[in-house]
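There are 2 protein chains.
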Amino acid sequence: MHAQVAQDSLLDQCRSLAERARRASRSLATASGAAKDRWLRCSADALRSRVDAVLDANDRDVAAAPEFGLTAAATDRLRLNPDRVNQIATALEEVAALPDPVGEVIEGYRRPNGLEVTKLRVPLGVIFMMYESRPNVTADAAALCVKSGNAAILRGGKEARHTNLALHGVLAEHLELAGLPRDAVQYVGVPDREAVGQLLGMPEFIDLAIPRGGESLIRRVVAEAKMPVLKHYQGNCHVYVDASAQRTMAVSIVVNAKAQRPGVCNAAETLLVHRAIAPRFLPEAAQELKDVGVELRGDEAARAIVPSMKPAAPEDWDTEYLDKILAVAVVDDLDGAVSHIARHGSGHTEAIVTSDLAAARRFVAEVDSSAVLVNASTRFNDGGQLGLGAEIGISTDKFHARGPCGLRELTTTKWVVYGDGHVRG
Amino acid sequence: MHAQVAQDSLLDQCRSLAERARRASRSLATASGAAKDRWLRCSADALRSRVDAVLDANDRDVAAAPEFGLTAAATDRLRLNPDRVNQIATALEEVAALPDPVGEVIEGYRRPNGLEVTKLRVPLGVIFMMYESRPNVTADAAALCVKSGNAAILRGGKEARHTNLALHGVLAEHLELAGLPRDAVQYVGVPDREAVGQLLGMPEFIDLAIPRGGESLIRRVVAEAKMPVLKHYQGNCHVYVDASAQRTMAVSIVVNAKAQRPGVCNAAETLLVHRAIAPRFLPEAAQELKDVGVELRGDEAARAIVPSMKPAAPEDWDTEYLDKILAVAVVDDLDGAVSHIARHGSGHTEAIVTSDLAAARRFVAEVDSSAVLVNASTRFNDGGQLGLGAEIGISTDKFHARGPCGLRELTTTKWVVYGDGHVRG
């Protein structure tokens, strides 16, 4: 009985929060770009002037980190300092400097009967963002949602609760001062984990769910959400070194794709090498990869050339290591590379290194991933690097946006038609 | 035991069909526009030269219509004749004449570091189309899917089975002749209704489900589908007549929106009238609507002006009549109209009739529907009327495409990046 009452009250709380977000989204949709940018700039100033309060809250989370079983690396990601708070503030100002996507006329023309047709960019409505990662996501996500005219519902990890609430407090108190609805950015403060499930069941109030974190979080959100989810499960990314590749370029791209930041989704996990270049290329690549601490796991043909490689097990081709490990396979030709990618890839990012125009064109046409790169590292599949200005996540789905998602990808469209009394005959 | 074997065999059949579609989609993705258009034109020719075989199949369906309990109107929609077959052929040729959406460069620029970035339009993959309506959907859907580079899996209603199979036969036999994969267009021939459920559970092979028919079909598909669904549940469309409307224009738009074709999704279902114009406008409108056989159901204020109206019940505001019935409410002002639409609308199509620029601009900004029209009939929210060339359905979702969906809306994008050995620093 008690449990039921608690459930009802949690449901009521969640519903009330989601309803307030929906109402806020209506007035945010017509808010001026000036008001949104004013809010971003005031919040940045306030963060800088109240850095001590944010750091105090952060100290409480860092102190409790061992209780949550956080590793040293995870605790480091959680820890803020004056420089990191300043970076969060600067990121807000960078979003303020981006063009307002709302109201952009994407298409427009006059029909033969004189109807004037335009297709406008408009906000999605309410976005529910769940994340496990660094506290800066609280500010980044709020900034991207509000700048694109959407109300944000934020839910960070419990290990960063005090920090997230402090950051949210600074952001929220400047909304009304800037002329925006006070419920434009809400943080789900109830510790109860059930709150997430309740909110994911409210498609009437929430238009989009964005989970950012490990694959298990994402699978849970996809299983429970009654609204669309912007996501990728994995970045099992490939670099294919073609027969005609310049070897030095190929080595430098493979090393960069694997080792520059191994823990992120656009890092390479498997290297595919054309049979004709393997005997010269693989020993060079293996040496350089070894020098930066990468462990190689090869198929038989690769190990025949570089015997020091560990043997790859079948599951290696499907594994996103997020670590300094690289699977290596020798393929007969470009078709072999494309088939391997079709079978094992996650549709995230693939790169070819080649000097052959036909090979480049075929790889680009036949590989079905959110981004395909020619003679460049997989690490460039990123909103900042592709020029989107900022990124809320990368989607490997084919619906709506695919690849890095910036401000535009948080909008939908509306057809607007002006006539002079037009009726259909 | 027997039932289990039958289930397994059905699952195998569905899986095999879906796998073949997936394989076909890979080669369709790189098929030339010339091959796709050749197929469309050859199929049109073949349909015309084999009209007798198609009409024979159709006779069998029409003869069996009473068994399925089809009404006279539904039987008429099912019935083909030489002219209707010719129209189906002509529609194929019209799709052939549209530009190929695949490979269109949507954006492209050079980054400061010299990376050349383009965003290309590419097919979604495999589309599963379920429909209850006229047999022409078999040809229309196949044409739109293949022209946009997607493999099609078609499933029409059992009452049109023979006709659909005959049409599919003509379309399918010209695929290989035109240089396209033979499995680019498949028809789900097994009568077992479970086949639909099986296919809806295969997101690994099918990228998009499109149900076209009544709301119960659509709700079933949304409940079962593990892949995105392109759909609208209802078209509960509104016309708002503002205080400043030209009365003659307003009457003609309301009559057109309601009565020109009452059974379709973009027909108006509710008329909202500003209090200031109601006493003069409503009697005129009521007379003209009565003349074309429309029944009016009004709120108290409307009935005080036109007492012959029936009283509207609360559920009238949420009803898509798809018939010659119109709900009528008097509102205090534009805010009242916008609130009524936010509460009762289905996000499909709304129109305002006004002479006031500020009212037009506010209505366009504040009404959150796939299309908003100013001084034009709701009937214009249609792929053909908006210039998309052809339409596979109308989406009221905000994700992916919103509004009428033509060839472009059956595609996704791929980022393609060319470098000269670029790595991230």
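Protein chains in written order, with full-length UniProt numbering: chain A, 1 to 425; chain B, 1 to 425.
From the three backbone atoms N, C-alpha and C, an ideal C-beta is built for every residue, glycine too.
Step through the CB atoms of chain B and report whether any lies within less than 8 Å of the CB of residue i.
i, result
"residue 317 of chain A", "no"
"residue 231 of chain A", "no"
"residue 386 of chain A", "yes"
"residue 150 of chain A", "no"
"residue 9 of chain A", "no"
"residue 393 of chain A", "no"
"residue 287 of chain A", "no"
"residue 241 of chain A", "no"
"residue 215 of chain A", "no"
"residue 228 of chain A", "yes"
"residue 354 of chain A", "no"
"residue 336 of chain A", "no"
With a CB to CB cut of under 8 Å and the five nearest residues on each side skipped, what residues in its chain are close to residue i?
i, result
"residue 55 of chain B", "80, 81, 82 and 85"
"residue 280 of chain B", "247"
"residue 456 of chain B", "Residue 456 of chain B is absent from the structure shown; chain B starts at 1 and stops at 425."
"residue 58 of chain B", "78, 79, 80, 135, 162, 163 and 166"
Comparing alpha-carbon positions, which option in the options lies nearest residue i?
i, options, result
"residue 183 of chain B", "B:201, B:160, B:283 and B:150", "B:150"
"residue 191 of chain A", "A:119, A:201, A:10 and A:376", "A:10"
"residue 313 of chain A", "A:287, A:297 and A:16", "A:297"
"residue 472 of chain A", "A:94, A:173 and A:47", "Because chain A spans 1 through 425 in this model, residue 472 of chain A falls outside it and cannot be assessed."
"residue 396 of chain B", "B:235, B:301 and B:134", "B:235"
"residue 114 of chain A", "B:49, B:419 and B:374", "B:374"
"residue 30 of chain B", "A:308, A:365, A:189 and A:143", "A:365"
"residue 180 of chain A", "A:421, A:39 and A:124", "A:39"
"residue 426 of chain A", "A:58, A:136, A:170 and A:319", "Past the edges of chain A, shown from 1 to 425, lies residue 426 of chain A, and the structure says nothing about it."
"residue 22 of chain A", "A:199, A:189 and A:65", "A:199"
"residue 66 of chain A", "A:25, A:43 and A:159", "A:159"
"residue 104 of chain A", "A:147, A:111, A:122 and A:110", "A:122"
"residue 410 of chain A", "A:124, A:89 and A:107", "A:124"
"residue 357 of chain A", "A:243, A:306, A:90 and A:75", "A:243"
"residue 28 of chain A", "A:68, A:63, A:53 and A:178", "A:178"
What are the residues that DSSP puts in a beta bridge with residue i?
i, result
"residue 155 of chain A", "A:130"
"residue 310 of chain B", "B:297"
"residue 317 of chain B", "Answer by DSSP bridge pairing: none, since residue 317 of chain B is not bridged."
"residue 413 of chain B", "B:121"
"residue 488 of chain B", "Residue 488 of chain B cannot be examined here, being either before or after the span of chain B that is shown, 1 to 425."
"residue 279 of chain A", "Bridge partners of residue 279 of chain A: none, in fact."
"residue 376 of chain A", "B:422"
"residue 353 of chain A", "A:241"
"residue 395 of chain A", "A:403"
Hey, is residue i's beta-carbon within less than 8 Å of any beta-carbon in chain A?
i, result
"residue 281 of chain B", "no"
"residue 376 of chain B", "yes"
"residue 361 of chain B", "no"
"residue 398 of chain B", "yes"
"residue 292 of chain B", "no"
"residue 380 of chain B", "yes"
"residue 252 of chain B", "yes"
"residue 366 of chain B", "yes"
"residue 415 of chain B", "yes"
"residue 423 of chain B", "yes"
If I measure Cβ to Cβ from residue i and keep anything under 6 Å in the same chain, skipping five residues before and after, which residues do I get?
i, result
"residue 294 of chain A", "258, 259, 324 and 326"
"residue 202 of chain B", "18"
"residue 157 of chain A", "132"
"residue 322 of chain B", "263"
"residue 239 of chain B", "254, 257, 268, 271 and 351"
"residue 377 of chain B", "253, 256 and 257"
"residue 127 of chain A", "145, 150, 152 and 208"
"residue 417 of chain A", "115 and 117"
"residue 1 of chain A", "Only weak support is given to the placement of residue 1 of chain A: the predicted model assigns it a pLDDT of 44, under 50, and the value that follows is read from those uncertain coordinates. Within the same chain, residue 1 of chain A has no close Cβ partners at all."
"residue 344 of chain B", "317 and 318"
"residue 51 of chain B", "82 and 85"
"residue 130 of chain A", "155 and 211"
Near residue i, which residues of its chain fall below 7 Å by C-beta distance, leaving aside the five closest residues on each side in sequence?
i, result
"residue 218 of chain B", "211, 231 and 233"
"residue 367 of chain B", "338, 341 and 350"
"residue 413 of chain A", "106, 119, 120, 121 and 122"
Point to revise | Residue ranges of each alpha helix (DSSP H) within the region 145-222 of chain A, 4 or longer | key: Runs of the alpha helix (DSSP H) inside the region 145-222 of chain A: 161-173 and 194-200.
**Study point:** Entirely enclosed beta strand (DSSP E) segments - the region 233-271 of chain B, minimum 3 residues
**Key:** Restricted to the region 233-271 of chain B, the beta strand (DSSP E) segments that are unbroken, complete and at least 3 residues in length are 237-241, listed in chain order.
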